[in-house]
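In the order they appear, the protein sequences are chains S and F. Residue numbering for the first sequence follows our numbering, beginning at 1 and increasing consecutively. Residue numbering for the second sequence follows our numbering, beginning at 1001 and increasing consecutively. Take a look at the structure set out below.
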Amino acid sequence: MEDQKQKEEFFPKIVGYLCNWCTYAAADLAGSSKMELSPSLNVIRVMCSSRVDYNLVLTTFFGGADGILIAGCHPGDCHYDKGNYYARRRYALLKSILETLKLDPERLQLSWISASEGKRYVDVVNEFTERIKKLGPNPINRNAYY
Amino acid sequence: MRLKIGVYVCECGPNIAERVDIDRVIKVISSLEEFEDIELVVKRYKLLCSNDGQAFLKNEIESNALTHLVVAACSPRDHESTFMNVCKKTNLNPYLFNMVNIREHCAWVIPDKAKATEKAIRSIRAGIRRTLHQSELLERELDANPDVLIVGGGIAGMEAALMLADEKRKVCLIEKTERLGGKSIFYSQLLSRQGNSAKMIQQKIEAVQQNAHIQVFTETELESVVGFFGNFEIVLKVGKETELQTGLKAGAIVIATGFRLLNPNKLPQTVYQKEDEVYTTLEVESMILNEGKISLKSGKSPQSIALVHCVGRDEKGYCSTICCSTIIKIARMLKAKLPQISIRVYYRDLCLPHKTDQQTYEEVKAEGVDFIRVKEAGIQNTSIEYTQIDGVKKKESADMVILAPAMEPADGTEALAELLNVSLGETGFFQEAHHHLNPVATSIEGIYIVGAAQGPKGISESVAQAQAVSGKILNRLIPGEKIVPEVKVCKVLEDFCTGCQTCLEVCCYGAISFNEVKGVSVVNEAVCRGCGNCVASCPSGAMRAIHFTTPQLYREMIEAIR
Ligand SMILES: Cc1cc2nc3c(=O)[nH]c(=O)nc-3n(C[C@H](O)[C@H](O)[C@H](O)COP(=O)(O)OP(=O)(O)OC[C@H]3O[C@@H](n4cnc5c(N)ncnc54)[C@H](O)[C@@H]3O)c2cc1C
Ligand code: SF4
Ligand code: SF4
Ligand code: SF4
């Protein structure tokens, strides 16, 4: 009973590393279209999804994030030519690193959301939030690192 | 020096004020303990982007002697540059300013006011933290060369040259063959919608040759290009003896290398020999132009001619868009020259995109040209084997067969792409930076594409692109005006660099080179676009994305999820 209640009240901390050209613009569009978005996503703007390195992702989890969303332009549409392909490869490796850390790889998501996909942005964020809510809090004790 | 951060929360009229409790934001931010050794000035304002708002902000920066500035308002995509310009009017370096988006990320998407307010507070705290880790950056100004190099003297390259020369820009136009004009010099007529006459091509060639601002190099190709937008240094290979011509400079480069036709002999469904009466559309155009008539190798007039569309379309995976109109043009010319004979056109689909194409098609049909719709068609010497739309297979023969092969990238396209470091798309044509936002630019700043080099198209579209590119160049490269290269670039921390050169591999712009003497990589700041890919690839943490450093992103993130 107690457990159940705790789960319901769990407000996940999610970090979104969004590409300036596509997904950040999609977030702007979702905003100007007044769509409803989960408040748990904290957006950090990067110029390209390829800027997000292993270090940043891992320290974000160590820092206590319950989930991380990396989002950029669709394959072939990268503002910097091929950056998102690199992001995709790094993502694949990160997933396996998370397993060795005993962190559910589902806590990390990479999505392609173009500037015109405001609705998709909202769907991705809201679905991801629901998934993280089900997974519960990040088991890493952040105090161990600080 | 004691730090003093100004935090200004914009009401955005009712947009933010009604959906976020700004008073609470101000109260919480002003009393944050983690910033206690820093002086905070926290205020609200009704419309910061207005002229009054900007004047208010300027006065705040100056009268409070702010060391850092945070504006919590709309998306930085809307007004970051507005507020950076305000900073530029003061002593505050614009890179010590940070914009927090509490409108699109809070006010507009979180209906619960309390939750929107909490998120705004978290975002502003994160923004303040990020700002503290930002450093001053200085924008540099570079001289820019307003001259332009155009590679390829077809209709697209010539049109761009003429437009630029009209504005007194010096243009260097290089052409691989011995004459200007590209494929268009082989046409005795243009399309009906283009008024049939091909005189315009000759007139363009003469205009280019007579223009004092255009220097034409025929039988010339590019040897090398180094540099960046505003400052390219060019070496040409000129003439049959391939003499090298150095010392050329240009601020922008236009790729206008056009197309070639696919070789139908390479396809299994088109089997014929040299001696057969089988021609490509381009060969027939030449025959009509040079001989003024259409005849078989024996010199006799053909009694029946078959024209076949879409040769190689499936293999290429795209429609060449102009061959349908071209075939209709050729069929009409044939009918005019040989009104008695049978002319049969075997088509799969008709691509007639221009507003008067349909009408021309109806006219040509009425003039007696037969159009047969097929599922697929192949040839065996001069007999046409095809499958009707109802699935029935048929075989017919003609005295002469004319094939319309797909358009392909010109010879040497791959080598040129490598030399210029620009990308090719999946179809092998030069890839535009963005299909609808930036359709004539390439991935490299200052290098543009026009005409069939970008993809199959007709003369009108090639001319339109050439005019678009000229507009871009005239607008971006103004004589006497300096260019300000991106400052948010990457830098190598030499002490950390192990010389592995991983970063060289991942940079899509060739912005990184290796210093053999020092054994470290170096970023050319004028070429770097600041994507940060190299940072994420560096195994030693030696690459730093200025203004998107790891500490900046990390501190912002930690504060946001505190
Ligand atoms: C049979 C046929 C008939 C057509 N009829 C019509 C028509 O009636 N109306 C119409 O609108 N369109 C027509 N088209 C389409 C038309 O040919 C093209 O739209 C047009 O040629 C495109 O011009 P361009 O300058 O981009 O390319 P091109 O005409 O191919 O010219 C490119 C030039 O660049 C040069 N070049 C290539 N590589 C290099 C290099 N590396 N260095 C230096 N120079 C280089 C080439 O030698 C060439 O001179 C026809 C096409 C075909 C095949
Ligand atoms: S600065 Fe942004 S938030 Fe403020 S009034 Fe202008 S648009 Fe609205
Ligand atoms: S990847 Fe890093 S360590 Fe390797 S050469 Fe580049 S900067 Fe140096
Ligand atoms: S930031 Fe991007 S463009 Fe600049 S050097 Fe690194 S990979 Fe190349």
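Each residue gets a CB set at the ideal place from its N, CA and C atoms; glycine is no exception.
With a threshold of 8 Å, establish whether the CB of residue i neighbours any heavy atom of ligand 3.
{"i": "G1532 (chain F)", "result": "no"}
Could you pull the DSSP bridge partners for residue i from this structure?
{"i": "H1068 (chain F)", "result": "F:I1005"}
{"i": "F1371 (chain F)", "result": "F:V1345"}
{"i": "A1545 (chain F)", "result": "F:C1490"}
{"i": "L1244 (chain F)", "result": "F:K1237"}
{"i": "R1169 (chain F)", "result": "DSSP, once it has assigned bridges, lists no residue as partnering R1169 (chain F)."}
{"i": "L108 (chain S)", "result": "S:I68"}
{"i": "F1056 (chain F)", "result": "F1056 (chain F) is not bridged to any residue."}
{"i": "K1297 (chain F)", "result": "Partner(s): none; K1297 (chain F) has no beta bridge."}
{"i": "N1231 (chain F)", "result": "F:F1228"}
{"i": "H1434 (chain F)", "result": "F:N1438"}
{"i": "N1515 (chain F)", "result": "F:V1520"}
{"i": "Q1380 (chain F)", "result": "F:V1271 and F:S1383"}
Would you check whether ligand 1 has a heavy atom nearer than 8 Å to the C-beta of residue i?
{"i": "Y1318 (chain F)", "result": "no"}
{"i": "L1040 (chain F)", "result": "no"}
{"i": "V1311 (chain F)", "result": "no"}
{"i": "V1450 (chain F)", "result": "yes"}
{"i": "D1411 (chain F)", "result": "yes"}
{"i": "Y1008 (chain F)", "result": "no"}
{"i": "Q1245 (chain F)", "result": "no"}
{"i": "T1177 (chain F)", "result": "yes"}
{"i": "S1460 (chain F)", "result": "yes"}
{"i": "E1223 (chain F)", "result": "no"}
{"i": "E1285 (chain F)", "result": "yes"}
{"i": "Y1279 (chain F)", "result": "no"}
{"i": "L1162 (chain F)", "result": "no"}
{"i": "M1400 (chain F)", "result": "no"}
{"i": "A1526 (chain F)", "result": "no"}
Between which two residues does the beta strand (DSSP E) carrying residue i extend?
{"i": "E1385 (chain F)", "result": "S1383 to Q1388"}
{"i": "M47 (chain S)", "result": "Neither: M47 (chain S) is in no beta strand (DSSP E) and is coded neither H nor E."}
{"i": "H1309 (chain F)", "result": "S1304 to V1311"}
{"i": "Y1045 (chain F)", "result": "E1039 to Y1045"}
{"i": "Y54 (chain S)", "result": "It is not in any beta strand (DSSP E) - Y54 (chain S) instead sits in the alpha helix (DSSP H) that spans Y54 to F62."}
{"i": "I1402 (chain F)", "result": "M1400 to P1405"}
{"i": "K1395 (chain F)", "result": "K1393 to S1397"}
{"i": "F1217 (chain F)", "result": "I1214 to F1217"}
Tell me the residue span of the alpha helix (DSSP H) that contains residue i.
{"i": "S1030 (chain F)", "result": "I1022 to S1030"}
{"i": "R1260 (chain F)", "result": "Here R1260 (chain F) belongs to no alpha helix (DSSP H); instead the beta strand (DSSP E) covers F1259 to L1261."}
{"i": "Q1358 (chain F)", "result": "D1357 to A1366"}
{"i": "A1596 (chain F)", "result": "Since the first and last residues shown for chain F are 1001 and 1562, residue 1596 (chain F) lies out of range."}
{"i": "Y1095 (chain F)", "result": "Per DSSP, Y1095 (chain F) belongs to no alpha helix (DSSP H) and is neither H nor E."}
{"i": "N1015 (chain F)", "result": "P1014 to A1017"}
{"i": "G83 (chain S)", "result": "G83 to T100"}
{"i": "N1085 (chain F)", "result": "P1076 to K1088"}
{"i": "S32 (chain S)", "result": "T23 to S32"}
{"i": "C1534 (chain F)", "result": "N1533 to S1537"}
Would residue i pass as a contact of residue j if the rule is Cβ separation under 9 Å?
{"i": "V1171 (chain F)", "j": "A1156 (chain F)", "result": "no"}
{"i": "G1152 (chain F)", "j": "T1218 (chain F)", "result": "no"}
{"i": "V15 (chain S)", "j": "M1557 (chain F)", "result": "yes"}
{"i": "I1022 (chain F)", "j": "V1007 (chain F)", "result": "no"}
{"i": "S33 (chain S)", "j": "G118 (chain S)", "result": "yes"}
{"i": "N1098 (chain F)", "j": "R1130 (chain F)", "result": "yes"}
{"i": "I1255 (chain F)", "j": "L1416 (chain F)", "result": "yes"}
{"i": "S1304 (chain F)", "j": "K1293 (chain F)", "result": "no"}
{"i": "K13 (chain S)", "j": "D66 (chain S)", "result": "yes"}
{"i": "V1041 (chain F)", "j": "I1005 (chain F)", "result": "yes"}
{"i": "C1508 (chain F)", "j": "N1533 (chain F)", "result": "yes"}
{"i": "S1460 (chain F)", "j": "V1450 (chain F)", "result": "no"}
{"i": "K1113 (chain F)", "j": "I1102 (chain F)", "result": "no"}
Is the beta carbon of residue i within less than 8 Å of some heavy atom of ligand 4?
{"i": "R1002 (chain F)", "result": "no"}
{"i": "A1144 (chain F)", "result": "no"}
{"i": "I1512 (chain F)", "result": "yes"}
{"i": "N1351 (chain F)", "result": "According to the sequence shown, residue 1351 (chain F) is Cys rather than Asn. For ligand 4, not one heavy atom lies less than 8 Å from the Cβ of C1351 (chain F)."}
{"i": "Y1045 (chain F)", "result": "no"}
{"i": "C73 (chain S)", "result": "no"}
{"i": "C1507 (chain F)", "result": "yes"}
{"i": "R1529 (chain F)", "result": "yes"}
Any heavy atom of ligand 5 inside 8 Å of the beta-carbon of residue i?
{"i": "C78 (chain S)", "result": "Looking for ligand 5 in the displayed structure turns up nothing; the ligands present are ligand 1, ligand 2, ligand 3 and ligand 4."}
Closer than 5 Å from C-beta to any heavy atom of ligand 3: which residues, in chain order?
The set, ordered by position in the chain, is F:V1492, F:C1497, F:T1498, F:C1500, F:Q1501, F:T1502, F:C1503, F:S1521, F:C1538, F:S1540, F:A1542 and F:M1543.
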